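The listed protein sequences correspond, in order, to chains C and S. Everything in the first sequence is counted per the working numbering, starting at 777 for the first residue and increasing by one. Everything in the second sequence is counted per the working numbering, starting at -10 for the first residue and increasing by one. We put the beta carbon where it would ideally sit given N, CA and C, even for glycine. It should be emphasised that the depicted structure is a prediction, and the values quoted were computed from it without experimental measurement. I have placed the structure first, in the form of structure tokens, so that the comments after it can refer back to it.
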Amino acid sequence: MTNGVRLLIGTRKGAWIWRGDSARGDWTAEGPIHLGQIVSHLVVDRRTGGTMLMAAATGHLGPTIFRSTDGGKTFVEASRPPAFPKSSDQPGARAVDHTFWLEPGHAAEPGVWWAGTSPPGLFVSEDDGVNWESVSGFNDHPMYDKWVPADAGTPDGPLLNQVVIDPRDARHMYIATSTGGVFESTDRAAAWAPLNKGVEANFMPDPYPEYGQDAHFIALAPTLPDRLWQQNHCGIYRLDRPAVTWERIGRAMPAETGDIGFTIVPHPRDADTAWVFPMDGTDVWPRTSPGGKPAAYRTRDAGKSWERQDKGFPADQAWFTVKRQAFCADEGAPLGLYLGTTGGEVWMSADEGGSWRSIGGHLPEIYSVVAAPLQ
Amino acid sequence: MIQVLLPTQLQSYSAGVSRVQASGATVDLVLRDLDQRFAGLRFRVVDEQDRIRRHMRIFVGGEAANDIQRPVADGDEVLIFGALSGG
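Structural data, given as structure tokens:
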């Protein structure tokens, strides 16, 4: 690491920015920022390192987006946060409960940002996050009511939980939802089609439906953008385009651990390497570390095999839950990995998962952790 | 003029002031008037379908207003509260 790392941490009670030195050994905390706001995501524009956006709401107040252009020192509210168009269909008309995911646009489109919300909605800003527009191609799609059934959801509501953009083509996009699985667009969000073949939905009458899956997290391999990783409600998958059928690579995980989890982190320089952080998806779905023994698992052969990485984690009686946006990597060599738990603790590995250490606790429930170069 | 009580949740918009004056013949117009001075306030109280948000409460002259089209008369007091909720 040249200058060090910033960790942008969103929690149920505000945001924090932690700064790590070039050795990633010493960390200083800044915050809280907007104490008490429910911060689903805090993201810096990776294209410029400049604008920082925060998806916020509170238990009382409606959702908004806060913007910072001074590295997180000050935040100003967006002029027009994501909101669905006014509808005559009262009282069932959609209203954004919270913005869940913020994604900087393609490198060729400076100032463009995308957002995913609950209930599932896709929104775009063309002016660096100041004003947001509903993306009709998804939000008004004729199949929307099928892709987003009225009774679907997660404990925090139904989600459009991710937007992923092909680095080779700004028009080629993927979104992940908790209600319909993965969708693909090749015309910059004007038209969408499901991309779920081979992905299980064991909570549906047809366990392999065209749509209806719960795609917890998807990620492109940065050096091989035709490779998609997915941590799904029902397992770990990989898809190498132009193929359309996902392969359940989680079958190679130890049976006693299973392949349920919230998130998957690809290596930025090695397309065959990725990490998951399994959770218990048995019985009533405790969503905690299986057996109370936290561990990351790494594949270095595109999912043919997985290696347990638990050195440094508590050996027993540790019941971590790591949410969708709360596991990430920096760009260092060796790679640094970071995860935040719902118990408010941040863990890191400076050696690609070989060993882990707690770098701080006592935060509120952590929703997101994003690593960015220190400016 | 209308007297408006802002809850603590909204006082970041009003620089910490809890009581402000506004004008308008309905709750909606009062909120729009406030939004002119405190940009962003209205959307945090009322959603894009013009419904009062689930955990917000508005009273006009001591009576609960369930609709932002509730009339407001000059001299009325509009009270905005965060509901008893959360955790």
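For residue i, the first and last residue of its enclosing alpha helix (DSSP H)
i: Y920(C); result: 920 to 923
i: Q25(S); result: 16 to 26
i: G913(C); result: 912 to 915
Pick from the options that is closest to residue i, judged by C-alpha positions
i: R1045(C); options: G1026(C), S912(C), R1003(C); result: R1003(C)
i: L837(C); options: S844(C), R843(C), A871(C); result: A871(C)
i: T955(C); options: L818(C), D1048(C), T824(C), D932(C); result: D932(C)
i: V16(S); options: D63(S), L(-1)(S), A28(S); result: D63(S)
i: F48(S); options: Y2(S), Q38(S), R59(S); result: R59(S)
i: L784(C); options: R947(C), R1024(C), G825(C); result: G825(C)
i: V906(C); options: T827(C), G835(C), M980(C), V1020(C); result: T827(C)
i: P867(C); options: R40(S), M(-10)(S), G51(S); result: R40(S)
Alpha carbon of residue i to alpha carbon of residue j, nearest angstrom
i: M1055(C); j: G1116(C); result: 14 Å
i: S901(C); j: L1150(C); result: 25 Å
i: H882(C); j: V888(C); result: 8 Å
i: A1072(C); j: P895(C); result: 30 Å
i: P1001(C); j: N55(S); result: 51 Å
i: A1094(C); j: G1057(C); result: 16 Å
i: P1110(C); j: G1129(C); result: 10 Å
i: F860(C); j: T845(C); result: 26 Å
i: G1067(C); j: A1031(C); result: 13 Å
i: Q(-8)(S); j: I69(S); result: 11 Å
i: G1112(C); j: G1119(C); result: 21 Å
i: D942(C); j: E885(C); result: 13 Å
i: D1016(C); j: G1108(C); result: 26 Å
i: D1077(C); j: G1037(C); result: 20 Å
i: F842(C); j: I1142(C); result: 18 Å
i: V1060(C); j: D24(S); result: 46 Å
i: P1140(C); j: T1039(C); result: 20 Å
i: D921(C); j: W1022(C); result: 24 Å
Start and end residues, beta strand (DSSP E) containing residue i
i: G71(S); result: 66 to 71
i: F842(C); result: 840 to 844
i: V34(S); result: From DSSP, V34(S) is part of no beta strand (DSSP E) but of the alpha helix (DSSP H) over 30 to 34.
i: T875(C); result: 874 to 880
i: T953(C); result: 949 to 953
i: D1002(C); result: 1000 to 1008
i: Y1114(C); result: 1113 to 1116
i: Y1013(C); result: 1011 to 1016
i: P1054(C); result: 1050 to 1054
i: P1042(C); result: 1037 to 1042
i: N937(C); result: 936 to 941
i: G905(C); result: From DSSP, G905(C) is part of no beta strand (DSSP E); its letter is neither H nor E.
i: I(-9)(S); result: -9 to -6
i: M830(C); result: 828 to 833
i: A11(S); result: 8 to 11
Residue-level contact to chain S via CB, residue i, 8 Å cutoff
i: G848(C); result: no
i: L818(C); result: no
i: F860(C); result: yes
i: F857(C); result: Note that residue 857(C) is Pro in the sequence shown, not Phe. Yes, P857(C) counts as interfacial toward chain S.
i: T827(C); result: no
i: E853(C); result: yes
i: H874(C); result: no
i: G929(C); result: no
i: Q866(C); result: yes
i: L898(C); result: no
i: T834(C); result: yes
Residues sharing a beta bridge with residue i, DSSP
i: P970(C); result: F959(C)
i: P1149(C); result: V781(C)
i: A991(C); result: Partner(s): none; A991(C) has no beta bridge.
i: Q1101(C); result: S1144(C)
i: F899(C); result: A891(C), S910(C)
i: G755(C); result: With chain C covering 777 to 1151 only, the question about residue 755(C) has no answer from this structure.
i: F48(S); result: A53(S), L68(S)
i: S1134(C); result: W1123(C)
i: Y1073(C); result: V1052(C), R1084(C)
CB contact check: residue i to chain C, cutoff 8 Å
i: R59(S); result: no
i: A4(S); result: no
i: A72(S); result: yes
i: Q38(S); result: yes
i: V42(S); result: Correcting the residue type first, residue 42(S) is Arg in the shown sequence and not Val. At least one chain C Cβ lies under 8 Å of R42(S).
Please list, in chain order, the residues of the region 17 to 36 of chain S that have any C-beta partner in chain B closer than 8 Å. The question asks about chain B, but that chain is absent: this structure's protein chains are C and S.
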